[in-house]
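Protein chains in written order, with our numbering: chain A, 4 to 323; chain B, 4 to 323; chain C, 4 to 323; chain D, 4 to 323. Where is the CB? At the ideal position from N, CA and C, for every residue including glycine.
There are 4 protein chains.
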Amino acid sequence: MTPEPVFDVAHLGHVEMLTDKPEASLDFFVNVFGLTESGREGDSVYLRAFDDYEFHSLKLTAATTTGMAHVAYRCSSPQALLRRVAAIERMGLGLGWTDGDLGHGPSYRFRDPDDHIFEIYFETKKYDAPPSERPALKNQAQRTHRRGACPRRIDHLNLLATDVNAIRDFMTSALGSRVTEQIKLNSGALGGCWFTVNNKSYDIAYTRDSTGTKGRFHHVTYAVDQREHILEAADIFLENGVFIETGPHKHAIQQTFFLYVYEPAGNRIELANAGARLILAPDWETVTWTEDERKKGQAWGLKTIESFHIHGTPPVVTKP
Amino acid sequence: MTPEPVFDVAHLGHVEMLTDKPEASLDFFVNVFGLTESGREGDSVYLRAFDDYEFHSLKLTAATTTGMAHVAYRCSSPQALLRRVAAIERMGLGLGWTDGDLGHGPSYRFRDPDDHIFEIYFETKKYDAPPSERPALKNQAQRTHRRGACPRRIDHLNLLATDVNAIRDFMTSALGSRVTEQIKLNSGALGGCWFTVNNKSYDIAYTRDSTGTKGRFHHVTYAVDQREHILEAADIFLENGVFIETGPHKHAIQQTFFLYVYEPAGNRIELANAGARLILAPDWETVTWTEDERKKGQAWGLKTIESFHIHGTPPVVTKP
Amino acid sequence: MTPEPVFDVAHLGHVEMLTDKPEASLDFFVNVFGLTESGREGDSVYLRAFDDYEFHSLKLTAATTTGMAHVAYRCSSPQALLRRVAAIERMGLGLGWTDGDLGHGPSYRFRDPDDHIFEIYFETKKYDAPPSERPALKNQAQRTHRRGACPRRIDHLNLLATDVNAIRDFMTSALGSRVTEQIKLNSGALGGCWFTVNNKSYDIAYTRDSTGTKGRFHHVTYAVDQREHILEAADIFLENGVFIETGPHKHAIQQTFFLYVYEPAGNRIELANAGARLILAPDWETVTWTEDERKKGQAWGLKTIESFHIHGTPPVVTKP
Amino acid sequence: MTPEPVFDVAHLGHVEMLTDKPEASLDFFVNVFGLTESGREGDSVYLRAFDDYEFHSLKLTAATTTGMAHVAYRCSSPQALLRRVAAIERMGLGLGWTDGDLGHGPSYRFRDPDDHIFEIYFETKKYDAPPSERPALKNQAQRTHRRGACPRRIDHLNLLATDVNAIRDFMTSALGSRVTEQIKLNSGALGGCWFTVNNKSYDIAYTRDSTGTKGRFHHVTYAVDQREHILEAADIFLENGVFIETGPHKHAIQQTFFLYVYEPAGNRIELANAGARLILAPDWETVTWTEDERKKGQAWGLKTIESFHIHGTPPVVTKP
């Protein structure tokens with residue numbers, strides 16, 4: 004019998020994003036993108052989409068640079084957390100336990116092979132809406148405020164990596180992630196890899212960093228309920244002078260309807276809608292795309308924009 | 004430590020529906036509702052939505068009556084299937100193994116406390132699209148044909164039961180389902196209960212059969228990608244003379260956008276869209292609605308239609 | 004040869020609405036419904052949808068009652084205005100010229116047979132967006148602010164009348180309106196009549212006031228760009244405690260997708276979307292609906308809500 | 004006093020399109036684009052969208068080349084038709100009367116300065132739906148069949164011209180069209196011009212033919228009710244191997260949401276949705292875009308695709 008799938012990790016929890024323009028970034032995320040502030044501590048502001056059930060899904064931290072400080076996943080149980088810690092320690096990638104954060108209890112930190120920082124935790128702080136944010140329907144975390152693009156919840160993130168094959172081995176072993184789709188380059192190396200720990204078609208993707216730099220961030224994505232909401236968001240971004248990089252259009256890979264913008268500090272942010280598409284098969288077979296297939300562009304023919312292969316945060320400093 | 008959540012059951016697989024108007028029902032499901040026939044055997048036609056990954060999600064069987072013959076769930080692994088069988092046998096509800104069916108391998112059958120027939124299986128027949136049904140994007144099971152309402156995949160079903168509290172105990176023990184929402188009547192008894200085995204907000208619901216009859220079927224639901232597709236489907240049903248019972252509107256419970264119709268033999272069918280809402284929390288706390296809250300009607304005020312509490316299949320025969 | 008169609012009146016301009024809860028009504032229209040204040044004078048606040056090209060489309064006036072103070076149409080040219088005035092004076096319904104208003108030049112006032120006040124004008128004040136309201140695209144009157152339901156423009160209004168047949172004669176003669184659809188009661192009298200002066204399927208409708216009271220107001224409607232925007236607005240109304248009377252659903256008559264709410268003072272307000280439907284035929288033949296056809300309810304079967312036949316503003320005072 | 008606006012021409016009626024692949028073109032228009040055949044005569048098939056009120060809006064004619072044979076507008080009345088004929092004859096552009104066609108009565112033909120053939124008519128054949136095409140709602144011309152992209156009605160066409168300034172003078176004098184938007188090149192010449200005879204923001208557009216060839220066709224456009232229908236159509240085109248040139252995206256000019264494809268013979272076809280945007284002002288002031296503004300691309304930043312400036316039908320034959 005083949006080994007059973009692992010269900011130790013429940014879902015992507017939050018991303019800590021660095022900004023060197025903290026005021027402008029915060030104004031963007033609250034007033035244009037439509038997140039809600041749920042707390043502050045030190046140089047960080049905690050932000051959430053209206054139906055994220057936890058305290059926060061984005062920790063925005065003022066820094067001298069941009070990019071991602073860490074990404075966090077919530078485990079399925081205390082027991083599952085310990086199993087994952089043991090597995091990661093066996094892999095020799097562990098960094099150790101933290102005391103937790105405003106939004107969750109103790110977490111275990113580790114590095115991926117490309118030096119991005121991860122943490123996993125179980126104890127969390129569920130969002131307790133203050134009276135002004137109480138929803139009309141009690142099966143929702145917070146009221147639908149309809150301020151800005153107003154996404155429902157965090158969806159996934161995309162990291163750049165110098166060696167996607169190494170990442171593939173890492174994610175499946177460390178988190179028990181399943182590889183739902185991937186790009187195989189003519190060289191045989193992976194150009195990109197899409198992973199999930201649950202029924203979403205992916206919660207993290209890695210694509211190859213053509214600059215050869217380690218630890219960079221490509222984008223974080225929030226989900227909206229309908230494709231039309233992305234079209235409306237495009238107008239909101241247009242009216243507010245936000246740089247729209249590409250979209251709206253439909254990805255061939257994973258079929259999500261997408262829109263990419265840069266927040267004021269340059270971090271790439273995506274809005275996406277997956278329709279009713281879920282990965283329900285416990286034995287889903289990885290879909291592999293070739294370089295030739297990728298040259299066709301996105302689902303309806305839009306060519307992948309050049310900056311998509313180059314722009315990441317922090318920017319790569321070219322030495323003279 | 005609390006017990007860990009169970010992930011043995013992966014997802015709802017299919018429903019076997021009985022019809023005493025087999026030709027009219029088949030015409031409805033194929034040409035108006037937009038499913039595709041994938042096979043026939045005996046008195047049954049096997050049907051599927053365009054992105055169901057398995058051979059079928061609806062087995063339509065000619066009979067002298069209507070309602071549901073059985074409902075099937077796919078397990079996460081062969082090992083998980085055996086664990087569930089053991090648990091169900093301990094509960095004394097088992098009926099035994101079958102040799103399988105056109106669409107899947109051996110299954111284990113059992114009854115719920117209201118005499119509905121369930122089966123669980125792992126070995127399945129994944130849909131292998133013939134050339135005329137091959138999709139343009141290879142991460143999809145079948146081409147998007149856009150014939151009729153054209154839903155993406157099976158979503159959930161709703162059964163009637165005389166004792167919903169007994170069902171609650173049964174589903175959580177037998178399948179490891181989690182109760183995401185429920186209705187508590189003023190009498191203290193449960194009026195309805197929504198269950199899930201994965202990240203969908205529910206894959207089965209039970210509501211109280213006010214006629215006191217056992218084993219009846221309320222509806223089966225298919226998911227469309229966008230709410231707008233439900234509005235379009237309403238026009239398709241209108242143009243084709245299909246009886247629209249209620250909707251489109253938004254449920255307060257589970258927040259799905261819905262539309263209910265009767266197929267020609269009288270079985271109730273739903274189209275729904277859940278937006279980006281998923282149950283990601285492994286420790287989701289059941290949301291409980293009171294009778295008073297239910298009197299407010301659906302999310303935007305539509306009163307629940309009277310037939311919703313009465314009409315089920317097979318119809319209840321009143322003796323003179 | 005049949006007489007040529009009249010094109011003297013260009014479009015519905017604005018409605019003056021009375022409120023006995025001026026602060027609550029204003030808060031509703033600005034923060035929940037999503038209009039923008041463009042001026043104030045005396046007891047009135049001037050409001051506009053983001054793509055109304057004139058200064059205002061709603062004049063909200065504090066009063067001791069509710070209902071409509073007047074409705075205004077803009078003519079196609081100064082010459083056309085004079086032709087209409089001459090026609091109305093011949094009908095003996097004229098009230099005379101005004102000096103104009105904050106939002107337009109001199110207007111000619113008259114009464115319909117049910118004592119509603121009309122005015123027609125040509126000279127207008129086009130909206131000149133202040134810097135904070137300048138749109139990103141210069142073919143739009145004001146920026147798309149996406150605050151509240153955020154409709155694009157005024158669409159139509161509905162008045163109650165004791166004798167709809169008399170109204171039919173009046174509107175076609177006074178404004179040169181065309182009757183696009185109507186309801187003929189079994190008694191032979193008209194139960195409702197839908198009129199247009201341009202390519203919109205209607206800009207004003209009259210329905211029979213079953214209370215026999217003259218001069219009452221049924222609702223005013225603003226248009227949104229997509230049906231999905233009406234679904235979003237329903238959530239906005241839900242979250243803000245606005246009374247939703249009926250909808251969203253699709254009208255059989257005129258096929259508009261609709262949602263009806265009451266603003267805080269009790270005036271009925273509609274959001275609607277007509278899709279791409281326009282009346283382009285210069286010789287459109289009136290579509291007549293019978294009482295029996297109306298009993299089928301709206302397009303997808305929703306029964307017309309009882310209050311729709313009763314509630315108008317001002318309310319009818321029943322004397323003891 | 005300024006002259007009054009002219010309302011002699013009611014709306015765009017139909018386009019006669021040439022195809023050198025008649026079978027493939029017809030299959031595309033009926034089964035993929037979703038028009039309905041209403042008649043045949045000689046080398047022509049008459050096609051219509053489901054809510055076009057006339058017999059046809061597209062006359063597809065087998066030929067040895069591609070492009071447009073003629074475009075037709077319907078006048079507001081017999082009197083208005085004669086006024087337009089007189090005006091056109093004064094301009095010296097008349098070609099004379101025809102006996103009519105399957106879909107309409109006598110028409111008067113003339114040339115624009117770029118040698119495109121126009122005709123105007125009043126007597127028309129309204130579509131009389133056969134039983135299988137009768138709509139459920141009697142205010143609609145034909146049932147909503149939802150076959151293929153299934154647009155509601157013809158919307159506009161776009162022609163190429165060597166001298167857009169000359170076209171501007173012609174259209175305003177010949178048809179009484181109003182110029183709603185235009186592109187002014189740095190040279191001072193017009194690069195494009197958008198015209199309307201009614202409340203639609205445009206029914207015909209001309210853009211400069213950079214090849215210097217006369218009489219070419221750029222595209223014809225049909226309107227769908229919702230933007231989401233264009234996203235669905237994109238999937239339909241993808242699944243059917245139709246070449247998608249560009250879109251879906253939102254035009255900056257006129258703000259329509261668009262999608263461009265080539266039918267099998269190479270004629271460019273557009274689907275568009277204008278939302279609730281109408282030109283209601285009888286004194287609308289032309290919006291002028293500069294070359295610099297056009298360089299920003301479409302509304303949300305999509306660069307105008309190169310083929311949009313080159314591809315027209317018939318193709319330009321380059322001599323060796």
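{"Item": "Three CB pairs or more closer than 8 Å across the region 177 to 185 of chain D and the region 225 to 238 of chain D", "Value": "no"}
{"Item": "Residues of its chain near D/LEU281, where Cβ-Cβ distance is below 6 Å and the 5 sequence neighbours each way are ignored", "Value": "ASN202"}
{"Item": "Coil, strand or helix - D/ALA152 by DSSP", "Value": "coil"}
{"Item": "Local Cβ density within 10 Å of D/ASP46, reported as buried at 16 or more and exposed below that", "Value": "exposed"}
{"Item": "Residue environment, C/VAL320, which counts as buried when at least 16 other CB atoms sit within 10 Å", "Value": "exposed"}
{"Item": "Beta-carbon gap between B/ILE157 and B/ALA236 smaller than 8 Å", "Value": "no"}
{"Item": "Residues that D/PRO8 contacts on chain C, provided the C-beta gap is smaller than 7 Å", "Value": "SER79, SER80"}
{"Item": "Residues from the region 260 to 294 of chain B in contact with chain D, defined by Cβ distance under 9 Å", "Value": "none"}
{"Item": "Contact list for the region 291 to 315 of chain D against chain A, Cβ threshold 9 Å", "Value": "ALA302, TRP303, GLY304, LEU305"}
{"Item": "Min CB distance A/LEU140 to chain B below 8 Å", "Value": "yes"}
{"Item": "Option nearest B/THR67 by Cα separation, candidates B/GLY108, B/LEU84, B/HIS159, B/MET20", "Value": "B/MET20"}
{"Item": "Within 8 Å of chain C by C-beta, residues of the region 216 to 238 of chain D in sequence order", "Value": "ALA226, VAL227, ASP228, GLN229, ARG230, GLU231"}
{"Item": "A/THR249 - containing alpha helix (DSSP H), residue span", "Value": "Premise fails: A/THR249 lies in the beta strand (DSSP E), 246 to 253, not in any alpha helix (DSSP H)."}
{"Item": "Bounding residues of the alpha helix (DSSP H) (the contiguous stretch that carries B/LEU84)", "Value": "81 to 94"}
{"Item": "Nearest residue (CA-CA) to C/LYS253, options B/ASP238, B/SER310, B/ARG271", "Value": "B/ASP238"}
{"Item": "Residue burial classification, D/ILE91 (beta-carbon count within 10 angstroms, cutoff 16)", "Value": "buried"}
{"Item": "Contacting residues, own chain, Cβ-Cβ under 6 Å from D/THR249 (five flanking each side not counted)", "Value": "TYR263, ILE308"}
{"Item": "Residue range of the unbroken alpha helix (DSSP H) whose run includes B/ARG280", "Value": "Segment: none, B/ARG280 is in no alpha helix (DSSP H) and carries neither H nor E."}
{"Item": "Chain-ordered residues of the region 120 to 150 of chain A with a beta carbon less than 9 Å from chain C", "Value": "PRO138, ALA139, LEU140, ARG146, THR147, HIS148, ARG149, ARG150"}
{"Item": "Residue closest to A/ASP118, alpha-carbon to alpha-carbon, out of A/ARG137, A/ALA72, A/TRP303", "Value": "A/ALA72"}
{"Item": "Residue nearest to C/PRO134 in terms of C-alpha spacing, selected from C/ARG146, C/PHE125, C/ASN142, C/GLU126", "Value": "C/ARG146"}
{"Item": "Start and end residues, alpha helix (DSSP H) containing B/SER310", "Value": "310 to 313"}
{"Item": "Distance between A/THR127 and B/HIS14 (C-alpha atoms, nearest Å)", "Value": "27 Å"}
{"Item": "Neighbour flag for C/GLU184 against chain D, beta carbons, 8 Å", "Value": "yes"}
{"Item": "Below-8 Å beta-carbon distance, B/ASN201 vs any chain A residue", "Value": "yes"}
{"Item": "Of the listed residues A/ASP172, A/PHE261, A/HIS148, nearest to A/ALA132 (C-alpha basis)", "Value": "A/HIS148"}
{"Item": "Residues, ordered as in the chain, of the region 53 to 72 of chain B that lie near chain A by beta-carbon distance below 7 Å", "Value": "ASP54, TYR56"}
{"Item": "Delimiting residues of the alpha helix (DSSP H) encompassing D/PHE296", "Value": "Reading off the sequence shown, one finds Glu at residue 296 of chain D, where the question assumed Phe. D/GLU296 -> alpha helix (DSSP H) spans 294 to 298."}
{"Item": "Reference B/GLU26, options B/LEU38, B/THR5, B/LEU63, closest by Cα", "Value": "B/LEU63"}
{"Item": "Limits of the unbroken beta strand (DSSP E) element including D/THR77", "Value": "Before going further, note that residue 77 of chain D is Arg rather than Thr in the sequence given. It spans 70 to 78 - the beta strand (DSSP E) in which D/ARG77 sits, taken as one unbroken run."}
{"Item": "Exposure label - B/LEU84; buried when at least 16 CB within 10 Å", "Value": "buried"}
{"Item": "Contacts around A/VAL227, its chain only, beta-carbon distance under 8 Å, and the 5 residues preceding and following it disregarded", "Value": "ALA152, CYS153, PRO154, ARG155, ILE233, ALA236, LEU274, ALA275, ASN276"}
{"Item": "Secondary structure, alpha helix (DSSP H): runs of 4+ residues fully inside the region 180 to 206 of chain C", "Value": "none"}
{"Item": "Own chain, CB closer than 6 Å to A/GLY269, minus 5 neighbours either side, in chain order", "Value": "THR69, THR316"}
{"Item": "Selection from A/THR199, A/LYS24, A/GLU266, A/ILE123 that minimises the alpha carbon distance to A/TRP287", "Value": "A/THR199"}
{"Item": "Contacting residues, own chain, Cβ-Cβ under 7 Å from C/TYR56 (five flanking each side not counted)", "Value": "LYS129, TYR130, ALA144"}
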